[in-house]
Amino acid sequence: MSSTQAHSTQQFLTQGLEHAEKIRTLCSEIEQETDLSPHNPNVNRILSSLVTYLSHIENCGECSYMPFETLTKEAIKLPKLCGEAECMMEKFWAAHFISKKQVTQETLKEFWYYNNYKALWDLEKDLIETSAKDKTLVFLGSGAMPFTAYFAAWSGYNVICIDFDKEACALSKSLIQKLGLDEKIQVIQHDATTFAFTKEHFVICASLIEGKENLYKALFERGIENFAVRDAEGAYKFLYAPSPRPALDTYIEMAQTVPNEQCINTLRLFKHADLGE
Ligand SMILES: C[S@@+](CC[C@H](N)C(=O)[O-])C[C@H]1O[C@@H](n2cnc3c(N)ncnc32)[C@H](O)[C@@H]1O
Numbered sequence: 125m126s127s128t129q130a131h132s133t134q135q136f137l138t139q140g141l142e143h144a145e146k147i148r149t150l151c152s153e154i155e156q157e158t159d160l161s162p163h164n165p166n167v168n169r170i171l172s173s174l175v176t177y178l179s180h181i182e183n184c185g186e187c188s189y190m191p192f193e194t195l196t197k198e199a200i201k202l203p204k205l206c207g208e209a210e211c212m213m214e215k216f217w218a219a220h221f222i223s224k225k226q227v228t229q230e231t232l233k234e235f236w237y238y239n240n241y242k243a244l245w246d247l248e249k250d251l252i253e254t255s256a257k258d259k260t261l262v263f264l265g266s267g268a269m270p271f272t273a274y275f276a277a278w279s280g281y282n283v284i285c286i287d288f289d290k291e292a293c294a295l296s297k298s299l300i301q302k303l304g305l306d307e308k309i310q311v312i313q314h315d316a317t318t319f320a321f322t323k324e325h326f327v328i329c330a331s332l333i334e335g336k337e338n339l340y341k342a343l344f345e346r347g348i349e350n351f352a353v354r355d356a357e358g359a360y361k362f363l364y365a366p367s368p369r370p371a372l373d374t375y376i377e378m379a380q381t382v383p384n385e386q387c388i389n390t391l392r393l394f395k396h397a398d399l400g401e
């Protein structure tokens, strides 16, 4: 290896160590916070710098020099804290919009991550188009403010939103009514792993869903042909815990989206193994 190569590798390794130290610092900072909602400016500051920082690492290819093995605690703690904060953030903003006289798609652009959710749908809609044609989308883990469901409805789909959180469902129903989307989007409070899926459904599973292995078994036993699940890769694994894969003799991975600066999640499309390639 030439001295220049050795020097640049050393540079990358040092950079990797700096990235790891930054992630450790941000993790210990957010662990100090008791209120993870947007009412807490500290949490907003820490989370937005974490998202920006990880997007930079992931999209500048500096991820490959990250000493992930030294960040095992953070890889467990951060997705959990970010997941809690995301649920509270969605409830905060849903209540904010519901308090308004009128709410349109334009109004929703006030939301900090509107463009990210729009970019995510624009990336995901092409992947699911063929498999979801003439089917009702079932969005699992829809939360209080299911942007994916709004964009799907504005694109012509009928959507069923499933969430086991009572408050999230109540807020979701009210905002959907305010948006005039209640003819297209139904909200059901239910555990995703035990919902009565039918062959008329195309399932999209949010990244934050608990009990994915049981969900995959339920979909397979009901002979559901295709489904899609949100996953996280590389540095984004500090924001969302990676999704387990279905057993190879149940579902085959057909395709996936490629995340970018705006879209953190990877959507993976699976096909029932018995239905072949
Ligand atoms: C806040 S949303 C976030 C959606 C996010 N955009 C994503 O792609 O992950 C996640 C929701 O999943 C719900 N959830 C988690 N596990 C669930 C399960 N097994 N059944 C139904 N809802 C679930 C939580 O209540 C929460 O409201």
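Each number in the numbering used here comes from the position in the sequence shown (counting from 1) with 124 added on.
Positions of the beta carbon are idealized from the N, C-alpha and C atoms, including for glycine.
Note on W217: 16 or more other CB atoms within 10 angstroms of its CB, so buried under the neighbour-count rule. Taking the Cβ of A342 as the reference point, every heavy atom of ligand 1 lies at 7 Å or farther away. In this structure, DSSP gives D246 a helical state, which the three-state scheme calls helix. When DSSP reads this structure, I312 sits in a beta bridge with I286. Within 10 angstroms of the beta-carbon of K197 lie fewer than 16 other beta-carbons, which makes it exposed. Under the DSSP definition of a beta bridge, E377 partners with F394. DSSP places I200 in the uninterrupted alpha helix (DSSP H) bounded by T196 to I222. According to DSSP, residue pairing for V327 in a beta bridge involves V262 and F351. Within the same chain, Y177 come within 7 Å of K146 by CB-CB distance, once the 5 residues on both sides are set aside. Per the C-alpha coordinates, the member of T317, L202 and A356 positioned closest to A342 is T317. Collapsing the DSSP output to three states places P368 in coil. Looking at the backbone, the Cα of Y241 and that of T128 are separated by about 42 Å. Cβ-Cβ separation between F344 and H314: approximately 19 Å, too far for a contact (criterion under 8 Å).
At least one heavy atom of ligand 1 lies less than 7 Å from the C-beta of E210.
Distances taken from the Cβ of I309 to the heavy atoms of ligand 1 include none shorter than 7 Å. Boundaries of the alpha helix (DSSP H) harbouring L232: Q229 to L232, taken from the DSSP string.
Burial state of S266 is buried, judged by a 10 Å Cβ sphere holding 16 or more other Cβ atoms. One thing to note: I309 has its Cβ within 8 Å of the Cβ of A273. In this structure, DSSP gives G335 a state outside helix and strand, which the three-state scheme calls coil.
Secondary structure at K257: coil, using DSSP grouped into helix, strand and coil.
At least one heavy atom of ligand 1 falls within 7 Å of the beta-carbon of I286. A Cβ-Cβ distance of about 7 Å is found for the pair C329 and R354, placing them in contact under the 8 Å criterion.
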